[in-house]
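Position in the sequence shown (first residue = 1) + 102 = this note's numbering.
Written below as structure tokens is the structure these notes are about.
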Amino acid sequence: MRTAYVDESEPGGGLDHTVYVLAAVVIATGASEIARDAVRSATPKRMRKLHWYEALPAQRISWLDLLRHAVDVVVVRYEGAAARAERRRRRCIERLVHELTLRDVHHVVLETRGAARDKDDRAMFDALRDRGAARGMHFVHVTPSEEPLLALADIACGAHVAGLEGEHAPTTPVQVS
103 MRTAYVDESE PGGGLDHTVY VLAAVVIATG ASEIARDAVR SATPKRMRKL
153 HWYEALPAQR ISWLDLLRHA VDVVVVRYEG AAARAERRRR RCIERLVHEL
203 TLRDVHHVVL ETRGAARDKD DRAMFDALRD RGAARGMHFV HVTPSEEPLL
253 ALADIACGAH VAGLEGEHAP TTPVQVS
């Protein structure tokens, strides 16, 4: 069984209304505890959670190595007409569900964004199921303190947004617009 851990990024600090990024890091069930231990070990004591934008450049490069625990890394990027964040997120979720279905992922863990926004996500997942997508997929929202593996998705998002390429590139993004 495979589980995808998902996090998002809004490049430009949320001021750029034309871009939105979702990253999913797919972990095999048998590798999850080892990956969690690796994330915990890599988290500096000064941080509550491992977070890309709070890291020093050298830490960021070393954290990319944590992605070796992944079976797959999927980055979905909305880049198009200016739109509200929730609309851009829904477009990314729609494509992400398709990509995860192709990879035989049935369990998706997303970082919580609060009750109201989590409810918006659930409505989107229900709408996708009504259209025949996401059938058999289970979605859950949790806090990063409950699930350290969300940090891997944060790393994938951060690396993508930072534009790291070449030998450090975690993935090739899937474009939606």
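C-beta atoms are modelled at their ideal positions from N, C-alpha and C, and glycine is treated no differently.
Since Ser124 sits in a beta bridge, which residues does DSSP pair it with?
In the sequence under discussion, the amino acid at residue 124 is Leu, which differs from the Ser named in the question. Note: Leu124 sits in a beta bridge opposite Glu110, Val178.
Under 7 Å between the Cβ atoms of Val178 and Arg190?
no
Run the CB neighbour count on Pro146, radius 10 Å, all protein chains shown included, and call it buried at 16 or more, exposed below.
exposed
How big is the Cα-Cα spacing for Leu166 and Arg231?
34 Å
CB contact below 7 Å: Leu212 versus chain B:
Note that chain B does not occur in the displayed structure, where there is just one protein chain.
Cα-Cα separation, Thr273 to Val127
Note that Thr273 scores a pLDDT of 47, beneath 50, so its modelled location is shaky and nothing firm can be said.
Alpha carbon of Arg262 to alpha carbon of Gly234, nearest angstrom
The sequence given here places His at residue 262; Arg does not occur at that position. Near 30 Å, if we compare the C-alpha coordinates of Gly234 and His262.
May I ask which residues mark the beginning and end of the beta strand (DSSP E) holding Val210?
209-213
Which partner residues does Thr105 have in the DSSP bridge list?
Ile129, His209
Can you pull the DSSP bridge partners for Val141?
DSSP, once it has assigned bridges, lists no residue as partnering Val141.
Can you tell me the Cβ-Cβ gap for Leu124 and Glu110, rounded? I've got them flagged as a contact below 8 Å.
5 Å
Between His153, Ala185, Asp220, Gly132, which lies nearest to Ser247 when the distance is taken from Cα to Cα?
His153
Figure out for me which residue from Ala187, Ile129, Gly238 has the closest Cα to the Cα of Pro250.
Ile129
Please report how far the alpha carbon of Gly132 lies from the alpha carbon of Leu169, in whole angstroms.
15 Å
Out of Val211, Thr245, Met103, Ala255, which one is the CA nearest neighbour of Arg286?
With the chain running from 103 to 279 in the structure shown, residue 286 is simply not present.
Report the residue from Leu204, Arg148, His171, His243 whose alpha carbon sits nearest the alpha carbon of Leu254.
His171
With distances taken Cα to Cα, identify the nearest neighbour of Arg192 among Gly265, Tyr122, Cys259.
Tyr122
Report, in whole angstroms, the separation of the C-beta atoms of Leu202 and Ala264, which I expect to be a contact under 8 Å.
The pair is not a contact, with the Cβ atoms about 24 Å apart (cut-off 8 Å).
Could you give the first and the last residue of the continuous alpha helix (DSSP H) run that contains His200?
187-204
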